Each structure stands twice: as structure tokens, then as C-alpha cells.
Amino acid sequence: GALVYQYPRRTICKSGTSMRMECQAVGFQATSVAWYRQSPQKTFELIALSTVNSAIKYEQNFTQEKFPISHPNLSFSSMTVLNAYLEDRGLYLCGANHGTGQLYFGEGSKLTVL
Amino acid sequence: QQKVQQSPESLIVPEGGMASLNCTFSDRNSQYFWWYRQHSGEGPKALMSIFSNGDKKEGRFTAHLNKASLYVSLHIKDSQPSDSALYFCAVSKGTGNYKYVFGAGTRLKVIA
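Sequence lines, in order, name chains A and B. Under our numbering, think of the first position of the first sequence as 7, with each following residue one higher. Under our numbering, think of the first position of the second sequence as -3, with each following residue one higher.
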């Protein structure tokens, strides 16, 4: 079956430091990967959509300078939160798609900023 | 910009009862509709999709779509305590652009 592994599951970092998270698709080819942030109130914000062989598209309020994303092949994507501050806390989710429209989500990487 | 709204915010149903979750969207070009369920401490998992107007039944779950009314719903028959979770409606405009906008969720609690 199609699975998405995401790690680390949780990170506590000091204000101003960075956190890198990784997303691995198993059992299918992730032609596109969407990175979301789920707030403590559980609402979703789309950060960016990465499609193989296309430029990564960032949503308003999110930039490559702050959330650089790498999607080097059909099974792996990573995103870094640079200079994390309190407003960056939340559960970061990667949703991978293989052309069916269904997003397979990992369990998320929870970021706590002190 | 697409707006997806869900109601109610929370819902309590007795075990064996019917749970009805509602979702409205704003973009008439929306084509793909998914319901996701998220248990505490886990990532969201896809429950079912619906792409055509009408009803779609999968086991105890029935989704209903009315694109003209910008409305999609999920009904859970014979609700079980294990159905207690956050339910999200996710809407996308079409193939090649799997940019999903999520609603704020409905928290369902099924009490025995």
C-alpha cells in the first residue's frame, strides 16, 4: 500500500534556530508533494506545492527564503523552517500524490519553539 | 480565493446513531472533493472521495456532492466510538493541480 513516512515526529528548538523535516513516499511515486502547516487550533495552511519537473509554488505568506523545499526525486521531499519563531509552531504535514488526486499524509512533524 | 467552510464545529452523537457533517466551498471550478479523518496525535487519513454530483456510499460512510449548490457532505451511519476524530473536507480545482484547500474541521465525538 501507499505510505508516507515523515520525520522527525517532533522537534523543540530555540527561537531563531532552524528545523529540517523529511518526507518519504513508500509504495508509490510522489509526483507532487504539498507541505501544510496545521495550527494548534487544527486549521490547515498550504505552504507550497512541489511537482516534479516544475517550479515549487509557494502560497501567499510563505517564501522559499523561510521554508526552502527540496524534491529531488519521486520518493523524497524535505522542507526546512529557517529562523523559527513562536508563530512558526505547529504540525507540519507533507501530503504526497501520485496522480490520483488523493493526498497521502505522513504523521507530521510537530515544531515547538521556545 | 477558495474558501471551504465546515459545520458544525463539533458534534456529539450516540453510538449507533447517524453523524452528518457539512462542507461548503466557494470556487465553482472545484472538481475534487475528499474527506479526511484525523485521530489525536496522528496525521490526517483519506476516508473517501467524491467527484460527481450525487451520493457515493462506502460501507457506513456516504458522501453527497452538489456542485451547483457548492456543497458536499459526509454521513456516518451506525457511528462507533472509534469514529470519534476530527473530520476535514478538502477541495481541489482539478488534475495536475493537487492544491487542496481544507476546511477548519468538525470534531466528532461518539458516546457509548
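Think of the CB as a built atom: it goes at the ideal place given N, C-alpha and C, for glycine as much as any other residue. On a predicted model such as this, the values are computed, not experimentally measured, just so you know.
| query | result |
| --- | --- |
| With DSSP run on the structure shown, which of helix, strand or coil describes L117/A? | strand |
| Using the Cα positions of Y67/B and T20/B, report the straight-line distance between them to the nearest angstrom. | 5 Å |
| Consult DSSP for P74/A and reduce its assignment to one of helix, strand or coil. | coil |
| Specify the secondary structure class of S78/B as computed by DSSP and reduced to three states. | helix |
| What span of residues does the beta strand (DSSP E) with Q2/B cover, start to end? | 0 to 3 |
| Looking at the secondary structure, which residues open and close the beta strand (DSSP E) in which K54/B lies? | Note that residue 54/B is Glu in the sequence shown, not Lys. Start and end: 50 to 54. |
| To which residues of the same chain is E65/A closer than 7 Å at the C-beta, ignoring the five residues directly before and after it? | L52, I53, A54 |
| Let me check understanding here. Comparing Cα to Cα, which of P10/B, L61/B, P4/B lies closest to I107/B? | P10/B |
| Let me make sure I understand the geometry here. Which of N25/B, G90/B, K73/B, P77/B has the alpha-carbon closest to that of A15/B? | K73/B |
| Which runs of the beta strand (DSSP E), 3 residues or longer, sit entirely within the segment 53 to 105 of chain A? | 75 to 79, 82 to 87, 96 to 103 |
| What in chain B is Cβ-close to E113/A, meaning under 7 Å? | E38, G39 |
| So which residues on chain B does L52/A lean against when the C-beta distance must stay under 9 Å? | K95, Y96, V97, F98 |
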